[in-house]
Amino acid sequence: MSARVGVVQFPGTNCELDVMRVVDQLGGDAELLFHADATIRGVDAVVVPGGFAHGDYLRAGAIARFSPVMDAVAEHAQAGGPVVGICNGFQVLCEAHLLPGALQKNAGLKFLCQAVDLRVETVTTVLTNQASPGQILRVPINHFEGNYVCDDRTLDALRAEERVVVRYVANPNGSRDGIAGICNEGRNVVGLMPHPERASDELLGSADGLVMVRSLLASVAVPAP
Amino acid sequence: MPRFAATVDITHLPGILDPQGAVIDRALPALGYPNVTQVKVGKSIHLVVDAESEAAARAQVDEMCHRLLANPVIEAFAISVEPA
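Line order of the protein sequences matches chains H and C.
Residues in the first sequence are numbered consecutively from -8, following the numbering used here.
Residues in the second sequence are numbered consecutively from 6, following the numbering used here.
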C-alpha cells in the first residue's frame, strides 16, 4: 500500500500537479485536496504547494489560512502527521501559525527565478530523513516574498533545536541566517521556499529534489498490506 | 445600534522592506523634491462597524487586526474609530 499524499489546491495554486506527478513517480499515491472541503480525507501526508493562493490578497497566505481545509491540515499536524509547505505553501503555514516567522519581500526587491544550492542542516525531519547531513541540493526558487524574518527569540530557538532544515549556500533573498526552510518543534511540519518538485528529473536541470519527496514518503508509516 | 467608522493603518515594522516606498523615495528627487528624506507606503483599511459603543467597536477591530488584517511579525497597525 503506497503512502497517500494529499496536495492542497486553493484558488490560485499552480504547483499542485507538479507535486502530484513527483509523488506518483516515486511510488506514492497523490490526491488533490480541495480548499473548500473541511477534510483531508484521511491522507497520510499533506503538501501545501506553491502558487498564489487566493491571489495573495492582503498578504501571501493570509486568506488561505482560513480555508475550511486548513483546520483539517492543522489537526493532522498537531497529531504528528507530516505536512510540507512549498513556497506559497510555506507562507500559508506561517500565516496559520503552524510555523514561526514570516516571509517578506526579497532583499534587492527583485522577483527571483533561478536554481540555488541548499545545504541540508538536519536529517531528522519529514523532508530530509533520506538525505545526508551537509548534503548540497540544487533546487529552483521562484518567489518575490521569500525573505525569511523572525524575532531574535525565534531564531535562537530554531538554531538551538536544530530546526533550520535547509540553508542557502549563497543567500539570494536576504533571509535571516540564510534560512531556506524550517520545521516545527515536532519536526513533522516543514516549510521551505525552494521547489523540490521542480528538481525531479535531470531533464529539468536537477533531480536533487527527489530525495526530499522520497523523505516525505518514507516519513509515513504505512501499515503492511 | 450605533454605527462607527474605523480606520486601520498598517505599516511595515522597522527593518521590514518596503519596495514601494523605496521606489517613490528615488522618484521624488528626480521631480525636484530633494528634501524628501523618507517615504513609507502602508495600507489603510476602512470599515463600518455597528457596535454598542466606540470602545466595543475598537476592541472588535483590534481583534480583527490580530486575527487577519495585520501580521504582527512584519507589520504594525494603528486603529482610529469615530461615529459614522
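A virtual CB, placed ideally from N, CA and C, is assigned to each residue, including glycine.
As the structure is a prediction and not an experimental result, all values here were calculated from the model.
Closer than 7 Å: residue i CB and nearest the ligand HEM heavy atom
{"i": "residue 85/C", "result": "What this structure holds is no ligand at all, so the ligand HEM is not there to describe."}
Where residue i falls, given that 16 or more other Cβ within 10 Å makes a residue buried
{"i": "residue 208/H", "result": "buried"}
{"i": "residue 186/H", "result": "buried"}
{"i": "residue 58/H", "result": "buried"}
{"i": "residue 38/C", "result": "exposed"}
{"i": "residue 56/H", "result": "buried"}
{"i": "residue 159/H", "result": "buried"}
{"i": "residue 55/C", "result": "exposed"}
{"i": "residue 7/C", "result": "exposed"}
{"i": "residue 77/C", "result": "exposed"}
{"i": "residue 134/H", "result": "buried"}
Span of the beta strand (DSSP E) around residue i
{"i": "residue 55/C", "result": "48 to 55"}
{"i": "residue 8/C", "result": "8 to 17"}
{"i": "residue 60/C", "result": "Where residue 60/C is concerned, there is no enclosing beta strand (DSSP E), although the alpha helix (DSSP H) it sits in stretches over 59 to 69."}
{"i": "residue 86/C", "result": "80 to 88"}
Start-to-end residues for the alpha helix (DSSP H) that takes in residue i
{"i": "residue 35/C", "result": "24 to 35"}
{"i": "residue 203/H", "result": "201 to 209"}
Residue i versus residue j - alpha carbon distance
{"i": "residue 11/C", "j": "residue 57/C", "result": "14 Å"}
{"i": "residue 10/H", "j": "residue -5/H", "result": "13 Å"}
{"i": "residue 17/H", "j": "residue 17/C", "result": "43 Å"}
{"i": "residue 3/H", "j": "residue 70/C", "result": "24 Å"}
{"i": "residue 15/H", "j": "residue 122/H", "result": "20 Å"}
{"i": "residue 50/H", "j": "residue 40/C", "result": "32 Å"}
{"i": "residue 41/H", "j": "residue 75/H", "result": "11 Å"}
{"i": "residue 30/C", "j": "residue 72/C", "result": "32 Å"}
{"i": "residue 171/H", "j": "residue 64/C", "result": "37 Å"}
{"i": "residue 147/H", "j": "residue 168/H", "result": "11 Å"}
{"i": "residue 119/H", "j": "residue 86/C", "result": "50 Å"}
{"i": "residue 13/C", "j": "residue 75/C", "result": "9 Å"}
{"i": "residue 28/H", "j": "residue 64/H", "result": "11 Å"}
{"i": "residue 22/H", "j": "residue 66/H", "result": "19 Å"}
{"i": "residue 1/H", "j": "residue 38/H", "result": "12 Å"}
{"i": "residue 49/C", "j": "residue 197/H", "result": "44 Å"}
{"i": "residue 77/H", "j": "residue 36/C", "result": "42 Å"}
{"i": "residue 86/H", "j": "residue 143/H", "result": "19 Å"}
{"i": "residue 201/H", "j": "residue 34/C", "result": "50 Å"}
{"i": "residue 5/H", "j": "residue -1/H", "result": "11 Å"}
{"i": "residue 161/H", "j": "residue 66/C", "result": "42 Å"}
Cβ distance (whole Å) where residue i is taken to contact residue j below 8 Å
{"i": "residue 124/H", "j": "residue 114/H", "result": "5 Å"}
{"i": "residue 127/H", "j": "residue 154/H", "result": "With a Cβ gap of about 20 Å, residue 127/H and residue 154/H do not count as contacting."}
{"i": "residue 83/H", "j": "residue 79/C", "result": "Not quite, the Cβ-Cβ distance comes to about 15 Å (not below 8 Å), so this is no contact."}
{"i": "residue 81/H", "j": "residue 183/H", "result": "6 Å"}
{"i": "residue 180/H", "j": "residue 13/H", "result": "The Cβ separation is near 20 Å, so there is no contact."}
{"i": "residue 44/H", "j": "residue 97/H", "result": "In fact, because the Cβ distance is near 19 Å, the residues do not count as touching under 8 Å."}
{"i": "residue 199/H", "j": "residue 107/H", "result": "Contact flag wrong, Cβ pair sits at about 11 Å."}
{"i": "residue 26/C", "j": "residue 46/C", "result": "4 Å"}
{"i": "residue 53/C", "j": "residue 89/C", "result": "6 Å"}
{"i": "residue 103/H", "j": "residue 132/H", "result": "6 Å"}
{"i": "residue 157/H", "j": "residue 111/H", "result": "6 Å"}
{"i": "residue 62/C", "j": "residue 9/C", "result": "4 Å"}
{"i": "residue 218/H", "j": "residue 175/H", "result": "Absent from the model: residue 218/H. The displayed extent of chain H is -8 to 216, so no value can be given."}
- Item | Contiguous alpha helix (DSSP H) assignments of at least 4 residues, all confined to the stretch 54 to 107 of chain H | 59 to 69 and 79 to 86
- Message: In chain order, what are the residue ranges of uninterrupted alpha helix (DSSP H) at least 4 long that sit wholly in the stretch -4 to 66 of chain H?
- Response: 7 to 16
- Query: What are the start and end residues of each continuous alpha helix (DSSP H) run of 4 or more residues lying completely inside the stretch 99 to 183 of chain H, in chain order?
  - Reply: 143 to 151
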